[in-house]
Every structure is written in structure tokens, then in C-alpha cells.
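The sequence shown begins at 35 in my numbering and counts up one residue at a time. Heads up, the beta-carbon is just placed ideally off N, CA and C, and yes, glycines get one too.
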Amino acid sequence: PGQKKLMRLIADMEQACQCWGMIPPEVQRMTRLWPGPLTLIAGEAEPVGLRMPDCRPLLELLKRSGPLASTSANMSGGPSCNRLDEIAAGVLEEVDAVVVDAPEGALDRPSTILSFSREKGWQVVREGSLPPEKYRKWI
35 PGQKKLMRLI ADMEQACQCW GMIPPEVQRM TRLWPGPLTL IAGEAEPVGL RMPDCRPLLE
95 LLKRSGPLAS TSANMSGGPS CNRLDEIAAG VLEEVDAVVV DAPEGALDRP STILSFSREK
155 GWQVVREGSL PPEKYRKWI
């Protein structure tokens, strides 16, 4: 199997524009749901997944650093990790930093992933912790 592409964490819409270039109106509407557990994939030439986390310390870091490549805390195809002690030691050895700042229960489900292209419109890649009623009206 091929490598999964890494999403990028961003702090604001200026960083989204740096990653995507022009943002289609259909995608612009969805960004109202940021910050939060929503990854949006867009970009016609080379689609890129972006997420603006709802974590103040991480947003401050992203404002200083610019967009950062990110991935889930589990091995590809493995079970989701909801707590720091569930992350495999092998994963922790391969990363530069881990930011954990979430209330109990906030990580029970992974983020929702939506993908947009002019050709296919919106596609739900993964149902996650963002309730469908929050985004269905725009897809």
C-alpha cells in the first residue's frame, strides 16, 4: 500500500490560503466550522488536507511556526488512540513533539474528514467527532 499523505495543521485562514491558494466558496463556507475536529481536503492540482485544531497552545505554536505536517497518533490501519498512554512507543520515537490539551472524552472519536473537488463536489472521507448536522447543510 502507498503512503498516506500527511495533513497540515494551520492557525488561521491566511495559512489556509498559503496551502490551498484560492479557496473555492464551497470550501470557504466549511471553514466556519474551524477551529475544531474537522479536516478539509481541497486543492485542484494537488489536494491537501488542512485542520485548524481547537487547542490554544497549539494554535499559538502554529502562528509562530506556520503550517505543520501532522498525522494521527496511531500506526496506519491500527486502532485510534484516545489517550497518551495508548500511543505505541514506536510512534512516539518517530515524532518531534506531542501536544495534548483536550478535555476528557474529547478524543473519543477521530476528526471528521471531508474532501472537495470541482469534479466530484463534497465527499465524506470519514465520519468523526463533528456531528453531521453541523456540515450536511453545506454539502
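Given residue i as reference, the closest of the options once Cα atoms are compared
i: Glu60; options: Gly155, Ser163, Met86, Arg143; result: Gly155
i: Ser106; options: Met86, Ile173, Pro144, Asp130; result: Pro144
i: Ala103; options: Pro91, Ala79, Lys39; result: Lys39
i: Trp54; options: Met64, Gly77, Met47, Leu43; result: Gly77
i: Gly100; options: Glu48, Pro166, Cys115; result: Glu48
i: Lys171; options: Ala50, Gln52, Arg66, Leu43; result: Arg66
i: Gln62; options: Ser151, Pro166, Asp130; result: Ser151
Cβ-based neighbour list, residue i, same chain, cut-off 7 angstroms, excluding 5 preceding and 5 following
i: Glu128; result: none
i: Gly70; result: Asp88, Leu164
Paired residues, beta bridge with residue i - DSSP
i: Trp54; result: None, per the DSSP bridge assignment.
i: Met41; result: Ser104
Distance, residue j Cα to residue i Cα
i: Ile173; j: Val132; result: 33 angstroms
i: Met41; j: Val82; result: 7 angstroms
i: Lys219; j: Ala45; result: As shown, the chain starts at 35 and ends at 173. That puts residue 219 outside it, with no answer to give.
i: Leu92; j: Ala79; result: 29 angstroms
i: Gly36; j: Glu94; result: Because Gly36 sits at a pLDDT of 47, beneath the cut-off of 50, its placement in the model cannot be relied upon, and the point is left open.
i: Leu72; j: Glu161; result: 10 angstroms
Residues near residue i in its chain [Cβ-Cβ closer than 6 angstroms; skip 5 each side]
i: Val159; result: Ile147, Ser149
i: Ile75; result: Pro81, Gly83, Ser149
i: Glu120; result: none
i: Met86; result: Ile44, Trp68, Pro69
Rounded distance between the beta-carbons of residue j and residue i, thought under 8 angstroms
i: Tyr169; j: Met64; result: 6 angstroms
Contact set for residue i: own chain, Cβ-Cβ below 8 angstroms, skip 5 residues either direction
i: Leu126; result: Val132
i: Cys51; result: Ile57
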